[in-house]
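J.: Protein chains in written order, with this note's numbering: chain L, 45 to 237; chain A, 45 to 237.
2 protein chains.
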Amino acid sequence: MFELLHQKITENIALSEEEFAFCKSQFQPKKLKKKRFLLGEDEVCKHIAFVEKGLLRSYIIDEKGSEHILQFSLEGWWVSDMASYLTGEPAQYNIEALEDCELLLISKPSWELLLEKIPAFERYFRILVENNLIVTQRRLIASFSDTAEEKYQKLIQKFPLILQRVPLHMIASYLGITRETLSRVRSQLTDKK
Amino acid sequence: MFELLHQKITENIALSEEEFAFCKSQFQPKKLKKKRFLLGEDEVCKHIAFVEKGLLRSYIIDEKGSEHILQFSLEGWWVSDMASYLTGEPAQYNIEALEDCELLLISKPSWELLLEKIPAFERYFRILVENNLIVTQRRLIASFSDTAEEKYQKLIQKFPLILQRVPLHMIASYLGITRETLSRVRSQLTDKK
DNA sequence: AAATACTATTGATCTATGTCACATTATTTT
DNA sequence: AAAATAATGTGACATAGATCAATAGTATTT
């Protein structure tokens, strides 16, 4: 059950067998049913989770009461509220399973231990965060310069499968547009063909 | 001339005197005149820069030809095109001095050496990137849910000094609105008072 | 000192997207 | 299987902010 984790880690850093064995020992598996929450806002985020199976969304509810999806997390990705995890402050994000999930959780103490014993993990996480930063910066620019249609087209080009797994109104929320606008964009696109 | 660098690093990680001496030896000072570029798009980003003095902007020109400012970098901040620096691909960002700047550059080989000799730098950079990620995520959410006025108000609340140092049309670009809209927002605000 | 290039404001108009309301169809839950 | 709930689509209308255009003040450069 740790194959995917192993694969993802060794894409970025080299690990001996013993090291990975130790690494494994620091994680606790957790199943999370659809619609259940890994984290609710105002809780403190105590774990980072690796997604073995399933799909989750991280979202925020703004002052006006609207929901904004920050991220979908698929198999092989990590999910947590970094800010809360690091600072110990209450989380800003809600993290909800959109499908039945199998996760591997690592607590903060385990994480610290892991970093101490296998310093290469520092590097691995730096790379993860860097990649996330680059993606988020691109989304920010896109939010300024792309039309609703462009945002949608780019998304389905990159993650065509997401359409089969996530309801449209959540895709709209992820793109920063309303579900009505997305619905119109989609019907225009099918007309064009 | 390395006081600010020392201060910023030791806010996050502990360094012995020898370690910092080594660290210093890996940086090369560079002065950059106003309006000169630290990096032009399509160049490969060969250095990370620490801003000792001055102010720079990182911006992108999108397919439609409009400019979007991703970041202002002030004294005590780091600036580079991470994606290009890490992958060796051509940069997406232009980085331009908005004031005469004094920078400390570190090349990739020096950087690798530094990480190797002082592993705590791995941690330091992870923290920097994490903070940047958190800020960028907040801006993304704000771009979805804040009005032009709210975006402006939040900015001047956080960085009141920026108004004295950056022309308004660049602030507009940073906020993802047009200069005309910013101008109207500002005149409404002064009317209110 | 004149010329050129930035910078900011303000008005008129346009448009993409949001909002509200209702209808329809899937999907869960009991 | 029925009832309840969630998801999607579509029309009518409203609006924040963009675009276009003109003006004027301020710095730089020559």
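From the three backbone atoms N, C-alpha and C, an ideal C-beta is built for every residue, glycine too.
With distances taken from CA atoms, which of L:T191, L:D235 and L:S110 is nearest E107 of chain A?
T.: Sequence index remark: in the second sequence, residue 107 of chain A carries index 63 (1-based). It is L:T191 whose Cα lies nearest to the Cα of E107 of chain A.
J.: Between which two residues does the beta strand (DSSP E) carrying A93 of chain L extend?
T.: The residue you call residue 93 of chain L lines up with position 49 of the first sequence. Here the beta strand (DSSP E) through A93 of chain L covers H91 to K97.
J.: Measure from the C-beta of E166 of chain L to each C-beta in chain A and report whether the shortest distance is under 7 Å.
T.: Here residue 166 of chain L is taken as the residue at index 122 of the first sequence, counted from 1. Answer yes: the Cβ-Cβ gap between E166 of chain L and chain A drops below 7 Å somewhere.
J.: Chain A partners of P163 of chain L, CB-CB under 8 Å?
T.: For the purposes of this step, residue 163 of chain L is taken as residue 119 along the first sequence, with counting starting at 1. Neighbours of P163 of chain L on chain A, chain order: P163 and E166.
J.: Which of the residues in the region 54-68 of chain L, read from start to end, lie with their CB under 9 Å from any CB of chain A?
T.: Residues passing the 9 Å Cβ filter: none.
J.: So which residues of chain A does R183 of chain L contact, with C-beta pairs closer than 7 Å?
T.: Your numbering for residue 183 of chain L matches position 139 in the first sequence. Chain A residues near R183 of chain L: L184.
J.: What do you reckon, are the CB atoms on E140 of chain A and R101 of chain A nearer than 7 Å?
T.: Here residue 140 of chain A refers to the residue found at position 96 of the second sequence. Here residue 101 of chain A refers to the residue found at position 57 of the second sequence. Cβ atoms of E140 of chain A and R101 of chain A: closer than 7 Å.
J.: I'd like to check one pair, C67 of chain L with S124 of chain L: are the Cβ atoms closer than 7 Å?
T.: Along the first sequence, read from residue 1 onward, the residue named residue 124 of chain L stands at position 80. Along the first sequence, read from residue 1 onward, the residue named residue 67 of chain L stands at position 23. Cβ distance not < 7 Å, so S124 of chain L and C67 of chain L don't count as in contact.
J.: Quick check on this structure: which residue in A:K161, A:I171 and A:I113 has the alpha carbon closest to the alpha carbon of M126 of chain L?
T.: Position 82 of the first sequence, counting from 1, holds the residue named residue 126 of chain L. For M126 of chain L, the nearest C-alpha among the options comes from A:I171.
J.: Grab the span of the alpha helix (DSSP H) containing E111 of chain A for me, first residue to last.
T.: Looking up residue 111 of chain A in the second sequence gives position 67. Careful: E111 of chain A lies outside any alpha helix (DSSP H), inside the beta strand (DSSP E) at E111 to S117.
J.: Among L:H213, L:A65 and L:E146, which one has its Cα closest to the Cα of R80 of chain L?
T.: Here residue 80 of chain L refers to the residue found at position 36 of the first sequence. Of the candidates L:H213, L:A65 and L:E146, the one whose C-alpha sits nearest the C-alpha of R80 of chain L is L:E146.
J.: Please determine if the region 148-158 of chain A and the region 147-166 of chain L are in contact, where contact requires at least 3 C-beta pairs separated by less than 8 Å.
T.: No, the region 148-158 of chain A does not touch the region 147-166 of chain L.
J.: Measuring alpha carbon to alpha carbon, tell me which residue in L:P134, L:F94, L:G220 and L:L130 is nearest S117 of chain L.
T.: Counting from one through the first sequence, the residue named residue 117 of chain L turns up at place 73. Looking at the Cα atoms, L:F94 is the closest of the given residues.
J.: Within the 7 Å Cβ cut-off, does L177 of chain A reach chain L?
T.: Reading the second sequence from its first residue, position 133 is the one you call residue 177 of chain A. Chain L, which has a Cβ nearer than 7 Å to the Cβ of L177 of chain A, makes this yes.
J.: Look up F66 of chain L in the DSSP assignment and say whether it is helix, strand or coil.
T.: Reading the first sequence from its first residue, position 22 is the one you call residue 66 of chain L. If DSSP states are grouped into helix, strand and coil, F66 of chain L belongs with the helices.
J.: Taking only beta-carbon positions, decide if I104 of chain L is within less than 7 Å of chain A.
T.: As a working mapping, residue 104 of chain L is identified with position 60 in the first sequence. It does: the Cβ of I104 of chain L has a partner Cβ on chain A nearer than 7 Å.
J.: Sorted by chain position, which residues of the same chain lie with C-beta nearer than 6 Å to K78 of chain A's C-beta, five sequence neighbours on each side aside?
T.: The residue given as residue 78 of chain A occupies position 34 in the second sequence. Cβ neighbours of K78 of chain A beyond the five flanking positions: A141, E143 and D144.
J.: Taking the beta strand (DSSP E) that N138 of chain L belongs to, which residues open and close that run?
T.: As a position in the first sequence, residue 138 of chain L is number 94, starting the count at 1. That run of the beta strand (DSSP E) goes N138 to A141.
J.: Give the straight-line distance between the Cα atoms of Q70 of chain L and E87 of chain L, rounded to the nearest whole angstrom.
T.: The sequence position of residue 70 of chain L within the first sequence is 26, counting from 1. The sequence position of residue 87 of chain L within the first sequence is 43, counting from 1. If you take the alpha carbons of Q70 of chain L and E87 of chain L, they lie about 22 Å apart.
J.: Rounded to the nearest angstrom, what separates S187 of chain A and N175 of chain A at their Cα positions?
T.: Numbered from 1 along the second sequence, position 143 holds the residue referred to as residue 187 of chain A. Numbered from 1 along the second sequence, position 131 holds the residue referred to as residue 175 of chain A. Going by the C-alpha atoms only, they are around 18 Å apart.
J.: To the nearest angstrom, how far is it from the Cα of Q44 of chain A to the Cα of I113 of chain A?
T.: Lying before the first or after the last residue shown, residue 44 of chain A is absent from chain A, which here runs from 45 to 237.
J.: Are I215 of chain A and I185 of chain L closer than 7 Å when you measure CB to CB?
T.: Residue 215 of chain A sits at position 171 when you count from the first residue of the second sequence. Residue 185 of chain L sits at position 141 when you count from the first residue of the first sequence. Not in contact: I215 of chain A and I185 of chain L (Cβ atoms no closer than 7 Å).
J.: Does the separation of the CB atoms of G84 of chain L and N138 of chain L fall below 7 Å?
T.: For the purposes of this step, residue 84 of chain L is identified with residue 40 of the first sequence, where counting begins at 1. For the purposes of this step, residue 138 of chain L is identified with residue 94 of the first sequence, where counting begins at 1. Contact: yes.
J.: Which same chain residues end up closer than 8 Å to Y168 of chain L when comparing Cβ atoms and leaving out the 5 residues on each side of it in sequence?
T.: If you number the first sequence from 1, residue 168 of chain L lands on position 124. Within the same chain, Y168 of chain L has close Cβ partners I53, N56 and I57.
J.: Quick check on DSSP: helix, strand or coil for I57 of chain L?
T.: Along the first sequence, read from residue 1 onward, the residue named residue 57 of chain L stands at position 13. Reduced to three states, the DSSP call for I57 of chain L is coil.
J.: Only counting the same chain, and skipping five residues up and downstream in sequence, which positions put a Cβ closer than 8 Å to that of K198 of chain A?
T.: Position 154 of the second sequence, counted from the start, is the residue given in the question as residue 198 of chain A. The residues are A186 and D190.
J.: Check this for me: beta carbons of W177 of chain L and V173 of chain A, under 7 Å apart or not?
T.: Residue numbering aside, residue 177 of chain L sits at position 133 when the first sequence is read from its first letter. Residue numbering aside, residue 173 of chain A sits at position 129 when the second sequence is read from its first letter. Residue identity check: residue 177 of chain L is Leu in the sequence provided, not Trp. Yes. Within cutoff.
J.: List the residues of chain A that L130 of chain L touches, going by C-beta distances under 7 Å, in chain order.
T.: Translated into the one-based positions of the first sequence, residue 130 of chain L becomes position 86. Correct list: E174.
J.: Considering only residues of the same chain and omitting the five flanking positions on each side of R223 of chain A, which have a CB-CB separation below 6 Å?
T.: Indexing the second sequence from 1 puts residue 223 of chain A at position 179. Closer than 6 Å at Cβ, skipping near neighbours: H213 and A216.
J.: Give me the chain L residues within the contact set of M214 of chain A, using Cβ-Cβ distance strictly less than 7 Å, ordered along the chain.
T.: In the second sequence, the residue the question calls residue 214 of chain A occupies position 170. What M214 of chain A touches in chain L: nothing, since even the nearest Cβ is about 14 Å away.
J.: Give the straight-line distance between the Cα atoms of F165 of chain L and Q72 of chain L, rounded to the nearest whole angstrom.
T.: Taking the first residue of the first sequence as 1, we reach residue 165 of chain L at position 121. Taking the first residue of the first sequence as 1, we reach residue 72 of chain L at position 28. In a straight line, the C-alpha of F165 of chain L is about 18 Å away from that of Q72 of chain L.
J.: For K161 of chain A, I'd like the list of residues in its chain whose CB is within less than 7 Å of its CB, leaving aside the five on either flank, ordered along the chain.
T.: What you label residue 161 of chain A is simply residue 117 of the second sequence in a count that begins at 1. Cβ neighbours of K161 of chain A beyond the five flanking positions: F66.
J.: Cβ of L149 of chain L within 7 Å of Cβ of H91 of chain L?
T.: Taking the first residue of the first sequence as 1, we reach residue 149 of chain L at position 105. Taking the first residue of the first sequence as 1, we reach residue 91 of chain L at position 47. Contact flag set, yes.
J.: Which residues bound the beta strand (DSSP E) around E146 of chain L?
T.: In the first sequence, residue 146 of chain L corresponds to position 102, counting from 1. Segment C145 to S151, the beta strand (DSSP E) holding E146 of chain L.
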